[in-house]
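With this note's numbering applied, the sequence shown corresponds to residues 254 to 615, in that order. The beta-carbon is built from N, C-alpha and C at its ideal position, and this holds for glycine as well. As the structure is a prediction and not an experimental result, all values here were calculated from the model. Some notes on the structure that comes next.
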Amino acid sequence: MNVRAPIESSSPTAVLSVSFNSDSSCFAVGLESGICNFNAGIGLVQMMGKTNYLALVGGGKSPKFAMNKAIVWDDMKGKVALEIAALSPIRSVRLARERIVVVLQTSVRVYSFAKPPDLLHIYETAENCLGLCCLSENKAAFPGRTPGQVQLVDLVTGSVNIIPAHSSALKALQLSCDGELLASASETGTLVRVYSTRNCARIAELRRGIDPATIFSLAFSPSGAMLACTSDKAPLHIFDIPNARRQSARGQQWGSDADAGKWGILGRIPLMPRVFSDVYSFASVPFEAGDDGMVGGIPFSEGTVLGTTRPPKGVIGWICNDSLAVVGAGQDARWEKFVVLDGDDGKRHCVREGWKRYLGNT
254 MNVRAPIESS SPTAVLSVSF NSDSSCFAVG LESGICNFNA GIGLVQMMGK
304 TNYLALVGGG KSPKFAMNKA IVWDDMKGKV ALEIAALSPI RSVRLARERI
354 VVVLQTSVRV YSFAKPPDLL HIYETAENCL GLCCLSENKA AFPGRTPGQV
404 QLVDLVTGSV NIIPAHSSAL KALQLSCDGE LLASASETGT LVRVYSTRNC
454 ARIAELRRGI DPATIFSLAF SPSGAMLACT SDKAPLHIFD IPNARRQSAR
504 GQQWGSDADA GKWGILGRIP LMPRVFSDVY SFASVPFEAG DDGMVGGIPF
554 SEGTVLGTTR PPKGVIGWIC NDSLAVVGAG QDARWEKFVV LDGDDGKRHC
604 VREGWKRYLG NT
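Written out as structure tokens, the structure reads:
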């Protein structure tokens, strides 16, 4: 692999958004120049598994679609399959086989995946500029009416459970592949909490660090045994998730890494500050966050649907139980592959296996 730093072109392509499909087998990006055969901006793009359906929202300097419309695009037929209009800009869209979830600034709307879509439920939320929402087959999680709370919704019945996850506003949410686990982080960015979706009980509290950070992404491994986390502090962290239902002979051995604690015997001394006894990641490795403050010659906050101050970075997708990819948007749009390995020292390590600039900005 050529690791020499490429020379930037005078007008590199900028990526506005990036997202993985449900099993992280592929990812899609929204560009200033469009997606597929479009010739105008796509601010948001979301896939539905491995199907031919994409959810699109216009964005960039010349939006292809109005920013208050969610477009379900049939990529096989090359045309719009469904369209949902809102009264305000759409912050994100999520697709399930029978549901379309549209996220607005202060509400979440659930529609049937039908033509025309029927509005089934409306849920009020706290301010949700980031469009936080995650789906499993039958569950959805998004902010509650009070900052720091999570609404866990059964997509079949529409019933809601409220989880008081944090004391400050939410920054990241993620459900496991089977929908049994929910991970959350607040704008403080020091702790990640994991809940069981069966009874909303907290099963783990994981410490990313002591200093505040902006969490970029959370993602469970396919088995739910590990959780990955990225932030603006640069390291990719890998945590063990305690869960008796998923324990195996190997899993019990791996769990001992976390049980020992980062600070060893200091964590067992009574009355010591909790940072000494908290559960830390068993492995961490730097990833490339880049420094994109401008997209297409304008501040990124003016060129995206979400109004964020920088393009999405550190978006995580697990390829398998010991391999994951981290993808970034912006002008320095790249993906990196990492693997979790057993080291000669008896511990597990996370190492970068390779990387690529996927848009060819050279």
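Expected contact under 8 Å - CB spacing of residue i and residue j to nearest Å
i: residue 386; j: residue 403; result: Going by Cβ atoms, the distance from residue 386 to residue 403 rounds to 11 Å, so no, they are not a contact pair.
i: residue 416; j: residue 448; result: 6 Å
i: residue 320; j: residue 312; result: 7 Å
i: residue 605; j: residue 532; result: Residue 605 to residue 532, Cβ: 24 Å. No contact.
i: residue 591; j: residue 579; result: 7 Å
i: residue 358; j: residue 377; result: Not a contact, Cβ separation roughly 11 Å.
i: residue 567; j: residue 469; result: 3 Å
i: residue 480; j: residue 438; result: Actually they do not touch by this definition, with Cβ atoms about 10 Å apart.
i: residue 370; j: residue 337; result: 6 Å
i: residue 368; j: residue 335; result: 6 Å
Option in the options with minimal Cα separation from residue i
i: residue 281; options: 574, 336, 565; result: 565
i: residue 619; options: 267, 354, 278, 482; result: What the structure shows of the chain is the stretch from 254 to 615, and residue 619 is not part of that stretch, so it cannot be assessed.
i: residue 392; options: 434, 342, 462, 572; result: 434
i: residue 303; options: 429, 611, 349; result: 349
i: residue 384; options: 374, 372, 397; result: 397
i: residue 345; options: 457, 363, 422, 374; result: 363
i: residue 284; options: 269, 276, 594, 273; result: 269
i: residue 584; options: 574, 573, 611, 352; result: 611
i: residue 537; options: 576, 491, 567; result: 491
i: residue 474; options: 577, 609, 409, 375; result: 577
i: residue 426; options: 446, 408, 412; result: 446
i: residue 322; options: 306, 332, 454, 343; result: 343
i: residue 399; options: 419, 409, 336; result: 419
i: residue 607; options: 600, 582, 539, 601; result: 539
i: residue 347; options: 273, 593, 588; result: 273
i: residue 453; options: 489, 466, 413; result: 413
i: residue 410; options: 467, 299, 352, 305; result: 352
i: residue 575; options: 333, 603, 422, 587; result: 603
i: residue 466; options: 609, 456, 489; result: 489
i: residue 326; options: 421, 299, 315; result: 299
i: residue 422; options: 395, 317, 365; result: 395
Residue i burial status per 10 Å Cβ neighbour count (16 or more: buried)
i: residue 340; result: exposed
i: residue 559; result: Because residue 559 sits at a pLDDT of 47, beneath the cut-off of 50, its placement in the model cannot be relied upon, and the point is left open.
i: residue 278; result: exposed
i: residue 570; result: buried
i: residue 542; result: buried
i: residue 534; result: buried
i: residue 389; result: buried
i: residue 301; result: buried
i: residue 329; result: exposed
i: residue 257; result: Bear in mind that the predicted position of residue 257 carries a pLDDT of just 45, short of 50, making it too unreliable to give a figure here.
i: residue 598; result: exposed
i: residue 573; result: exposed
i: residue 596; result: exposed
i: residue 450; result: buried
i: residue 297; result: buried
i: residue 477; result: buried
i: residue 333; result: exposed
i: residue 458; result: exposed
i: residue 609; result: exposed
Which runs of the beta strand (DSSP E) at least 3 residues long sit entirely within the stretch 440–482? Give them in chain order. 444–449, 455–460, 468–473
Contact between the stretch 477–495 and the stretch 442–459 is defined here as three or more beta-carbon pairs at a separation below 8 Å; is this criterion met? yes
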